[in-house]
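Heads up: the sequence lines are chains A and B, in that order. Residues 1 to 372 (the numbering used here) are what the first sequence spells out, left to right. Residues 1001 to 1372 (the numbering used here) are what the second sequence spells out, left to right. Okay, so here's the structure we're looking at.
Protein chains: 2
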Amino acid sequence: MGYPRESLSFVRRGKLLIFITVAKVGVTMSEARDTLFRYLTMLQLIPRFPGRIATPVLKEKLAERGFKIDTRSLQRDLSQKLSTQFPIGCDDSQKPYRWYFDRDFQCQLPALDVPSALTLVLAEEYLKGLLPPVVVGQLSPHFTDARRLLDEMNANGLSQWAKKVRAIPNGKALIPAEIDESTWQTISEALLEQKAVDFVYLSRSSETESPFTFHPQGIVSRHSATYLLAHVNGFEDLRQFALHRIKQASLSQHPWQSQSDFDIDHYIQSGAFGYRQGPSDVTLEAEIAKPVAWLLQETPLSETQTIEALPDSNWYRLTAQVPDDQQTLWWLMGMGANVKVTAPATWREALKKSAEQVLAHYQDTPLACETH
Amino acid sequence: MGYPRESLSFVRRGKLLIFITVAKVGVTMSEARDTLFRYLTMLQLIPRFPGRIATPVLKEKLAERGFKIDTRSLQRDLSQKLSTQFPIGCDDSQKPYRWYFDRDFQCQLPALDVPSALTLVLAEEYLKGLLPPVVVGQLSPHFTDARRLLDEMNANGLSQWAKKVRAIPNGKALIPAEIDESTWQTISEALLEQKAVDFVYLSRSSETESPFTFHPQGIVSRHSATYLLAHVNGFEDLRQFALHRIKQASLSQHPWQSQSDFDIDHYIQSGAFGYRQGPSDVTLEAEIAKPVAWLLQETPLSETQTIEALPDSNWYRLTAQVPDDQQTLWWLMGMGANVKVTAPATWREALKKSAEQVLAHYQDTPLACETH
DNA sequence: AATAACGCGACATTAGTTGTCGCATCATCA
DNA sequence: TGATGATGCGACAACTAATGTCGCGTTATT
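As structure tokens, this is what we get:
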């Protein structure tokens, strides 16, 4: 990742994307440097609204990054330069003032271009059906930015873009479970900063609300629901917690317990989310109807797929290496009569049995009803 | 949309997110104002790599935005300030120099926070299976930024985040069709700026490659394939073109023909993509197995869903208002024996018939084989 | 109630920025 | 190919902005 030639002359300063020349570093190390830069750094240090930062803290952080500036200058910059020119607010209800960016302000440095804006709009359409509203909301400044750019682009010829772009999700869009913003923030922070969390969990089975300390190990977003993988304080076994049933989350004082041998992919494939996966790929062989053949020619099942026409019919023979998982089986099931699986035998049997059971449901005389 | 109290004191300047005080506007109108601001504006005017901007053009654009600066100053700023501090490159192979941002540079102004970064990572996981690689690549600077933040966050305790976050797509992930970058750029620009495009289309049926002029009306991304809706020069009827079969796209000289009565939602629901939708919602009634009941309790089918336990079994009764579309029917089909639809009758019949057909496929003795 | 921390106006000093000019180089067009 | 207008760039002086310091009033903290 990088800046082929220039890379030698640039240095990352702290966590920011601010670059300073090697020459200057060599000469004076942490001399003040451009005000432009200090301003940009400040702008990056000021968090978006729910967060805020106190002036002395800002001064401290700036110093860490090499900007040894007088407190007075900082105050001047904040109250006279930045906050008049940017949507920056100040909480002056108590004395070390706290500064924050407006909740929905967004500024990309290389500004968005048209294709990227369009991509963002598409992405939003997809994600709205996949992630909880709050989580997508996290990105709303990005999307808003994109929409604004598109809006302004054809301000003359009416902004038509909203009528021109659609994303059709890959399957039935269920309504994502609602979670609240602070929960998402706390959980994501805990997970990534390796901290324990306390929260109340509204258990599905029992109606009990149990406050405990949890040690997050992972997050899995499945369909439209999102789950935290964690173990309860003092226990060894990993459990899943639906994010939308977590209430009153807050970082815990307890030290975080890691689980060294935890492998999230292994965990998922072992069937925890109903997606059991065989250890290796299987070779799928099937006869498929024309519409399916067309679909798969455009968006293949896998890298190694072959499709050939069968003589004397509108059917095709499909061969593909696919993972041995529930997802694929469901997909085959959704194709209904348009697919006739010949191998592997287990799938063939599974599909047959499923069809038998379905049929049994709809048989007026429950003749062969050996179901549930 | 915006800044409740401050809104009066801020004015949008041009297309940028740069704000200037009303007071200053009143006094001197377009006086130069802060260098900081001019710099930021310049940074926003300089496009990301494939694009570039010539110095005189930049001067012109700055002037439009109220920065009446001498050419010399511009040159100094570019070559001495910005390009030494930012990953900005210069094409000096011909005389009006062209400036551009490094391809993968990204700088958010309120810096990314941890929850947003995590959301971006999840979003990327989902989108990779939904949109063509190039399109997702359009956003890669965002994702890279997020990953970098997470990487640096727990640089001490190893960056574990990659092992902690997974998105399981909603259905079988087909491999998105590949399209090339310039095609995406040209098509998206044409669509949004209402221009005609010339391209060669590799027709699916015929092997002919036909260069024509097209008038884009919309884009639909379905599953993992993306389609342009356009009509061919001189014709009235709207046709779909898979983006990955479009080659050699370029903006056309022809004026763009609009189609005033075009409604993309209507178009989709009329069945163009296999998603025919009835005019109104239907009331779905079904008996569902326990796992499905659990799933739907978390991520409902619709806003108006009710689920109640049936006596003496592990089954539940589901009632929901759902759209009368293929998507929903497919979803029901994918549930297999876990769902028993009682209404509407058409779906019940459809499911039954589908099951019969599937069964016929797998019947060794094709007893009731009335299929194809 | 005392002390330290913070915000802010003012001011002198320092540092950076800007336009101008002159010259060299490059692109364009005849 | 040669003339003409653009463009880039070094230098310099005038100008503008940024910075640290001091003092005072106000606000937390103990």
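Positions of the beta carbon are idealized from the N, C-alpha and C atoms, including for glycine.
Unbroken beta strand (DSSP E) run spanning residue i, endpoints
| i | result |
| --- | --- |
| Leu296/A | No beta strand (DSSP E) holds Leu296/A; the alpha helix (DSSP H) holding it covers 290 to 298. |
| Leu40/A | Taken as a continuous stretch (DSSP letters only), Leu40/A belongs to no beta strand (DSSP E), being part of the alpha helix (DSSP H) at 35 to 45. |
| Ile168/A | 165 to 168 |
| Phe143/A | Run containing Phe143/A: none in the beta strand (DSSP E); it sits in the alpha helix (DSSP H), 140 to 153. |
| Gln1248/B | 1246 to 1251 |
| Gly336/A | No beta strand (DSSP E) holds Gly336/A; DSSP gives it neither H nor E. |
| Ile307/A | 306 to 309 |
| Ala320/A | 316 to 322 |
| Phe1241/B | 1239 to 1242 |
Where residue i falls: helix, strand or coil (DSSP)
| i | result |
| --- | --- |
| Asp1198/B | strand |
| Arg65/A | coil |
| Glu1285/B | strand |
| Gly402/A | With chain A represented from 1 up to 372, any question about residue 402/A goes unanswered, as that position is not in the structure. |
| Gly1137/B | helix |
| Ile1053/B | strand |
| Lys1059/B | helix |
| Asp1265/B | helix |
| Glu209/A | strand |
| Gly274/A | coil |
| Lys1340/B | strand |
| Gln94/A | coil |
| Val22/A | Legend: pLDDT at Val22/A = 27, less than 50; position of this residue unreliable, no value from coordinates given. |
| Leu1109/B | coil |
| Ser1221/B | strand |
| Trp1161/B | helix |
Contact with chain A by residue i, beta-carbon distance below 8 Å
| i | result |
| --- | --- |
| Arg1276/B | no |
| Glu1064/B | no |
| Gly1234/B | no |
| Arg1076/B | no |
| Ile1219/B | yes |
| Leu1036/B | yes |
| Trp1099/B | no |
| Met1042/B | no |
| Thr1021/B | Below a pLDDT of 50, predicted positions are generally treated as unreliable, and Thr1021/B, at 27, falls in that range; the measurement from the model is reported next regardless. Answer yes: the Cβ-Cβ gap between Thr1021/B and chain A drops below 8 Å somewhere. |
| His1361/B | yes |
| Thr1119/B | yes |
| Gly1271/B | no |
| Tyr1316/B | no |
| Lys1163/B | yes |
Boundaries (first-last residue) of the alpha helix (DSSP H) holding residue i
| i | result |
| --- | --- |
| Glu356/A | 345 to 362 |
| Thr226/A | Note, Thr226/A: premise wrong, no alpha helix (DSSP H); beta strand (DSSP E) at 225 to 232. |
| Trp184/A | 181 to 192 |
| Gln1075/B | 1071 to 1076 |
| Leu122/A | 114 to 128 |
Interface flag, residue i vs chain B, CB-CB below 8 Å
| i | result |
| --- | --- |
| Gly51/A | yes |
| Ser354/A | yes |
| Leu228/A | no |
| Ile175/A | yes |
| Glu209/A | no |
| Lys81/A | yes |
| Phe199/A | no |
| Asp113/A | yes |
| Lys128/A | no |
Task: Stretch-stretch touch, CB-based, cutoff 8 Å, three pairs: the region 1328 to 1341 of chain B with the region 304 to 313 of chain A - done: no
Open item on the list: Taking contact to mean 3 or more Cβ pairs, one atom from each stretch, closer than 8 Å, check whether the region 113 to 123 of chain A and the region 84 to 98 of chain A are in contact.
Closed with: no
- [ ] Check whether the region 127 to 145 of chain A touches the region 178 to 198 of chain A, taking contact to mean three or more Cβ pairs, one atom from each stretch, closer than 8 Å.
- [x] yes
Open item on the list: Taking contact to mean 3 or more Cβ pairs, one atom from each stretch, closer than 8 Å, check whether the region 210 to 220 of chain A and the region 250 to 270 of chain A are in contact.
Closed with: yes
Task: At least 3 beta-carbon pairs within less than 8 Å: the region 1320 to 1333 of chain B vs the region 1267 to 1285 of chain B - done: yes
Open item on the list: I want to know whether the region 49 to 57 of chain A touches the region 92 to 102 of chain A - three or more CB-CB distances under 8 Å.
Closed with: yes
Open item on the list: Does the structure place the region 76 to 83 of chain A close enough to the region 102 to 115 of chain A that three or more beta carbon pairs sit under 8 Å?
Closed with: no
Open item on the list: Check whether the region 280 to 297 of chain A and the region 241 to 252 of chain A touch, using three or more Cβ-Cβ pairs below 8 Å as the test.
Closed with: no
TODO: Count the C-beta pairs between the region 1343 to 1353 of chain B and the region 1273 to 1285 of chain B that are closer than 8 Å, then say yes if the count reaches three, no if not.
DONE: yes
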